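Q: If you read the sequences in order, they're chains A and B. Sequential numbering from 1 applies to the first sequence in my numbering. Sequential numbering from 195 applies to the second sequence in my numbering. Don't be surprised by glycine CBs; every beta carbon is placed ideally from N, CA and C. All figures in this text were calculated on a predicted structure; none of them were measured in a lab.
There are 2 protein chains.
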Amino acid sequence: MTGQEAGKVRVDLGLIHFPVMNKNQETIGSAVTNLDLHDIARAAKTFGIDSLYVVTPYKDQQKLYQEVLDHWLTGHGAQYNSKRGEALSLVHICDDLEQLINTVTEKWQQRPTVLSTCAQKRHTSVWTFDRVREKIKNEECFLILLGTAWGLAPEVLESGDGILPPINGAGNYNHLSVRSAAAIVLDRLLGERG
Amino acid sequence: MTGQEAGKVRVDLGLIHFPVMNKNQETIGSAVTNLDLHDIARAAKTFGIDSLYVVTPYKDQQKLYQEVLDHWLTGHGAQYNSKRGEALSLVHICDDLEQLINTVTEKWQQRPTVLSTCAQKRHTSVWTFDRVREKIKNEECFLILLGTAWGLAPEVLESGDGILPPINGAGNYNHLSVRSAAAIVLDRLLGERG
Chain A
1 MTGQEAGKVR
11 VDLGLIHFPV
21 MNKNQETIGS
31 AVTNLDLHDI
41 ARAAKTFGID
51 SLYVVTPYKD
61 QQKLYQEVLD
71 HWLTGHGAQY
81 NSKRGEALSL
91 VHICDDLEQL
101 INTVTEKWQQ
111 RPTVLSTCAQ
121 KRHTSVWTFD
131 RVREKIKNEE
141 CFLILLGTAW
151 GLAPEVLESG
161 DGILPPINGA
171 GNYNHLSVRS
181 AAAIVLDRLL
191 GERG
Chain B
195 MTGQEAGKVR
205 VDLGLIHFPV
215 MNKNQETIGS
225 AVTNLDLHDI
235 ARAAKTFGID
245 SLYVVTPYKD
255 QQKLYQEVLD
265 HWLTGHGAQY
275 NSKRGEALSL
285 VHICDDLEQL
295 INTVTEKWQQ
305 RPTVLSTCAQ
315 KRHTSVWTFD
325 RVREKIKNEE
335 CFLILLGTAW
345 GLAPEVLESG
355 DGILPPINGA
365 GNYNHLSVRS
375 AAAIVLDRLL
385 GERG
C-alpha cells in the first residue's frame with residue numbers, strides 16, 4: 001500500500017471554493033472561512049482522513065489560508081494549542097479540482113473514486129453511505145468533495161463518479177453548514193457504530 | 195402530548211457557557227461564538243429539535259446573543275436569508291442550568307432525562323446512542339447538554355442523569371469542535387439510517 005500511515009484510511013477531503021453556487025444559483029468563488037479550516041481539519045483528524053485539500057484559484061486567498069496554517073503549525077498558535085496544529089497538518093492548498101485529482105492520484109498511485117456532497121437529492125446517486133463505508137474498509141481510495149457557500153456548482157457534481165445522499169432530518173430544512181455536513185459525512189463513513 | 199409541534203421530537207439542546215473548562219482544567223465562563231449559534235441551530239432545525247437553549251449568566255453576553263438573534267429574526271438578516279431565521283427561531287437564552295431545567299420541565303410538563311456530552315470516556319455512562327434513539331422514538335423527553343470551551347465542568351457532568359459516549363474516530367485525537375460534535379450527536383440520535 002502506498003502513502004498510507006498507520007490508523008489512516010485512503011480517503012481525502014476537498015473543500016471547494018470555486019466553482020460553487022451563491023444563494024441565487026449563480027457560480028461564484030467563495031472566500032476563506034477560518035472556522036471551516038479548523039472544524040473540518042479537526043473532524044478529519046478524528047476520523048483518520050489522510051488529507052484535507054483546500055481548493056481555491058485566488059492567490060490572495062491561498063496566502064490567507066497559508067498564514068492561518070503557519071500560525072498554528074509553527075507560530076504562536078503552535079505553542080498555545082498544539083492540538084490545532086495536529087489537525088491542521090492535514091491541510092494542503094490546491095489551485096483547482098484538476099490539480100487536486102492529479103495530486104491524490106499520484107499519492108495513491110491510482111485515481112480515487114471522486115464523490116460529491118449535495119444538500120439536494122440527485123436521482124443518479126447510487127452511492128449510499130453504507131456502500132462507501134464498506135469500500136473504505138476494503139482499502140479503496142476515495143476523494144470526497146465539499147462545497148462552500150451554497151454548495152458545489154453543477155459542473156463539479158457532474159464531473160465526479162457519484163454523489164453522496166443528502167443528510168436529511170425530520171422535515172424539509174436542508175441548510176446545514178459545510179462544517180456540520182462534513183462532520184456527519186465523516187461519522188457516517190468512518191465513525192464507530194452502536 | 196404537550197407543547198409539541200408536528201415533525202418535532204421532545205428533545206432540547208443546552209449550549210452551556212458556564213460552568214465549563216479551559217485548557218488548564220480550570221472552571222471558566224466562555225464568550226459568545228457567533229458560529230456556534232448558527233451551526234447548532236441549523237443542525238437542530240434539520241433534525242427536528244424543539245429548542246436550543248443558550249446558557250450564560252453574563253448579561254452582556256446575553257445581550258450580544260440577543261442582538262445576533264434580532265438581526266436574523268427581524269432585522270436585515272431576515273430579508274437577506276430567511277433560512278437562518280427559521281433555524282435561529284429555535285434559540286432561547288437562559289441564565290443557568292437550573293433555569294433551563296425548570297423551563298423545559300414546565301414546557302413538557304415533566305422533567306426530561308438530562309444527558310451531558312463529553313469527549314472523554316466516563317465509565318458510569320450506560321446511555322448508548324442507540325438506546326437514547328429508541329427512547330426518543332417512544333416520545334420520551336431529553337435535554338442534551340453541550341459544553342463550549344474545553345467542555346462541561348465536572349459538576350454539570352455529575353448533575354444530570356447520564357453522559358453520552360464520546361465520539362471516537364480512528365485514533366486518540368478527541369478534539370472535535372462543539373459544532374461538529376453537536377451535528378454528529380444529532381445525526382446519531384435522529385438521522386436517517388442506511
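1) Run down chain A in chain order and give the residues with a C-beta less than 9 angstroms from the C-beta of residue 280 of chain B.
2) Evaluate contact between the region 42–55 of chain A and the region 5–15 of chain A, counting only Cβ atoms and requiring at least three cross-stretch pairs below 8 angstroms.
3) In the region 254–268 of chain B, which residues sit with their C-beta less than 7 angstroms from some C-beta in chain A, listed in chain order?
4) Please classify residue 355 of chain B as buried or exposed, where buried requires at least 16 other C-beta atoms within 10 Å of its C-beta.
5) Please go through the region 148–180 of chain A and give each complete alpha helix (DSSP H) segment of 4 or more residues, from N-terminal end onward.
6) Tell me which same chain residues have a C-beta within less than 8 angstroms of the C-beta of residue 389 of chain B, skipping the five on either side of it?
7) Does the region 355–366 of chain B touch the region 218–228 of chain B, meaning 3 or more C-beta pairs lie closer than 8 angstroms?
8) Does the region 258–275 of chain B come within contact of the region 369–381 of chain B, defined as at least 3 CB pairs closer than 8 angstroms?
9) Just checking, does the region 55–65 of chain A make contact with the region 17–27 of chain A on the three C-beta pairs under 8 angstroms criterion?
10) How far does the beta strand (DSSP E) with residue 232 of chain B in it reach, from first residue to last?
11) Counting only the same chain and skipping the five closest in sequence on each side, list residues whose C-beta sits under 6 angstroms from that of residue 122 of chain A.
12) For residue 340 of chain B versus residue 311 of chain B, is the C-beta spacing smaller than 8 angstroms?
13) Secondary structure at residue 142 of chain A, three-state DSSP: helix, strand or coil?
14) Which parts of the region 252–289 of chain B are runs of the beta strand (DSSP E), unbroken and 3 residues or longer, counting only runs that do not cross its ends?
15) What number of angstroms, rounded off, separates the C-alpha of residue 280 of chain B from the C-alpha of residue 177 of chain A?
16) Using DSSP bridges, identify the partner residues of residue 221 of chain B.
17) Hey, how far is the Cα of residue 42 of chain A from the Cα of residue 95 of chain A?
18) CA-CA distance, residue 202 of chain B and residue 333 of chain B?
19) Are there 16 or more other CB atoms within 10 angstroms of the CB of residue 130 of chain A, so buried, or fewer, so exposed?
20) What residues in its chain sit with their C-beta under 8 angstroms from that of residue 286 of chain B, if we drop five residues either side in the sequence?
21) What span of residues does the alpha helix (DSSP H) with residue 136 of chain A cover, start to end?
22) Between the C-alpha atoms of residue 232 of chain B and residue 282 of chain B, what's the straight-line distance to the nearest angstrom?
23) To the nearest angstrom, how far is the alpha carbon of residue 277 of chain B from that of residue 149 of chain A?
24) Taking the beta carbon of residue 36 of chain A as the centre, do at least 16 other beta carbons fall within 10 Å, making it buried, or is it exposed?
25) Buried or exposed for residue 45 of chain A, please, with buried defined as at least 16 other CB atoms from any protein chain shown within 10 angstroms of its CB.
26) May I ask you to list, following chain order, the residues of the region 220–232 of chain B that have a beta carbon less than 8 angstroms from some beta carbon of chain A?
27) Tell me the DSSP secondary structure of residue 311 of chain B in three-state form.
28) Give me the Cα-Cα distance between residue 2 of chain A and residue 137 of chain A, rounded to the nearest whole angstrom.
29) What residues are listed by DSSP as bridge partners for residue 184 of chain A?
30) With H, G and I counted as helix, E and B as strand and the rest as coil, what does DSSP make of residue 298 of chain B?
31) Between B:336, B:269, B:322, which lies nearest to residue 301 of chain B when the distance is taken from Cα to Cα?
32) Given residue 144 of chain A, which residues of its chain have a CB within under 6 angstroms of its CB, disregarding the five upstream and five downstream residues?
33) Is residue 193 of chain A buried or exposed, if buried means 16 or more other CB atoms sit within 10 Å of its CB?
34) Residues of chain B with CB under 7 angstroms from residue 179 of chain A, in chain order?
35) Between residue 128 of chain A and the rest of its own chain, which residues show a CB-CB distance below 7 angstroms, the 5 nearest in sequence each way excluded?
36) Between residue 40 of chain A and residue 133 of chain A, which are expected to be in contact by the criterion C-beta below 8 angstroms, what is the C-beta distance as a whole number of angstroms?
A: From the atom records:
1) Here residue 280 of chain B refers to the residue found at position 86 when the second sequence is read from its first residue. When 9 angstroms is used as the limit between beta carbons, residue 280 of chain B is near these residues of chain A: 173, 175, in chain order.
2) In short, these stretches touch, since the Cβ pair count reaches three.
3) none
4) In the second sequence, residue 355 of chain B corresponds to position 161, counting from 1. Exposed, by the Cβ-count rule.
5) 154–159
6) There is no way to answer for residue 389 of chain B, as the model of chain B reaches only from 195 to 388.
7) no
8) no
9) yes
10) Position 38 of the second sequence, counted from the start, is the residue given in the question as residue 232 of chain B. Annotation for residue 232 of chain B: no beta strand (DSSP E) segment contains it, though the alpha helix (DSSP H) segment containing it runs 228–240.
11) Taking the first residue of the first sequence as position 1, residue 122 of chain A is located at position 122. Excluding sequence neighbours, residue 122 of chain A sits near 163.
12) Here residue 340 of chain B corresponds to residue number 146 of the second sequence, with the count starting at 1. Here residue 311 of chain B corresponds to residue number 117 of the second sequence, with the count starting at 1. Yes. Within cutoff.
13) By 1-based counting over the first sequence, the position of residue 142 of chain A is 142. Note: residue 142 of chain A maps to strand in three-state DSSP.
14) 285–288
15) Here residue 280 of chain B corresponds to residue number 86 of the second sequence, with the count starting at 1. Here residue 177 of chain A corresponds to residue number 177 of the first sequence, with the count starting at 1. The alpha-carbon atoms of residue 280 of chain B and residue 177 of chain A are separated by roughly 14 angstroms.
16) Position 27 of the second sequence, counted from the first residue, corresponds to residue 221 of chain B. Per DSSP, B:215.
17) Here residue 42 of chain A corresponds to residue number 42 of the first sequence, with the count starting at 1. Here residue 95 of chain A corresponds to residue number 95 of the first sequence, with the count starting at 1. Whole-angstrom Cα-Cα distance: 23 angstroms.
18) Residue 202 of chain B sits at position 8 when you count from the first residue of the second sequence. Residue 333 of chain B sits at position 139 when you count from the first residue of the second sequence. Each residue's Cα considered, the two are about 10 angstroms apart.
19) For the purposes of this step, residue 130 of chain A is identified with residue 130 of the first sequence, where counting begins at 1. It is exposed - the Cβ of residue 130 of chain A has fewer than 16 other Cβ atoms within 10 Å.
20) As a first step, residue 286 of chain B must be located in the second sequence, where it is residue number 92. 245, 246, 247, 248, 297.
21) Position 136 of the first sequence, counted from the start, is the residue given in the question as residue 136 of chain A. Taken as a continuous stretch (DSSP letters only), the alpha helix (DSSP H) holding residue 136 of chain A covers 129–137.
22) Counting from one through the second sequence, the residue named residue 232 of chain B turns up at place 38. Counting from one through the second sequence, the residue named residue 282 of chain B turns up at place 88. Going from the Cα of residue 232 of chain B to the Cα of residue 282 of chain B covers about 7 angstroms.
23) Locating residue 277 of chain B in the second sequence gives position 83, counting from the first residue. Locating residue 149 of chain A in the first sequence gives position 149, counting from the first residue. Rounded to whole angstroms, residue 277 of chain B to residue 149 of chain A spans 14 angstroms at the Cα level.
24) Working through the first sequence from its first residue, we reach residue 36 of chain A at position 36. By the neighbour-count rule (16 or more Cβ atoms within 10 Å), residue 36 of chain A is buried.
25) Within the first sequence, numbered from 1, the residue matching residue 45 of chain A stands at position 45. Classification for residue 45 of chain A: buried.
26) 229, 232
27) Here residue 311 of chain B is taken as the residue at index 117 of the second sequence, counted from 1. Looking at residue 311 of chain B - three-state DSSP - the assignment turns out to be coil, as it is neither helix nor strand.
28) Counting from 1 along the first sequence, the entry for residue 2 of chain A is found at position 2. Counting from 1 along the first sequence, the entry for residue 137 of chain A is found at position 137. Caution is warranted here: a pLDDT of 44 is assigned to residue 2 of chain A, below 50, making its placement in the model unreliable, and the coordinate value is therefore given only provisionally. Distance between the alpha carbons of residue 2 of chain A and residue 137 of chain A is about 16 angstroms.
29) Within the first sequence, the letter at position 184 stands for residue 184 of chain A. None; residue 184 of chain A has no bridge partner.
30) As a working mapping, residue 298 of chain B is identified with position 104 in the second sequence. If DSSP states are grouped into helix, strand and coil, residue 298 of chain B belongs with the helices.
31) Along the second sequence, one-based indexing puts residue 301 of chain B at 107. Closest by alpha carbon: B:336.
32) Along the first sequence, one-based indexing puts residue 144 of chain A at 144. Counting only Cβ-Cβ distances below 6 angstroms, and skipping sequence neighbours, we find 13, 115.
33) The sequence position of residue 193 of chain A within the first sequence is 193, counting from 1. Exposed: under 16 other Cβ atoms inside 10 Å.
34) Here residue 179 of chain A is taken as the residue at index 179 of the first sequence, counted from 1. Neighbours of residue 179 of chain A on chain B, chain order: 233, 373, 374.
35) The sequence position of residue 128 of chain A within the first sequence is 128, counting from 1. Excluding positions up to five away in sequence, the list reads 165.
36) For the purposes of this step, residue 40 of chain A is taken as the residue at position 40 of the first sequence. For the purposes of this step, residue 133 of chain A is taken as the residue at position 133 of the first sequence. At roughly 19 angstroms, the Cβ-Cβ gap does not stay under 8 angstroms, so residue 40 of chain A and residue 133 of chain A are not in contact.
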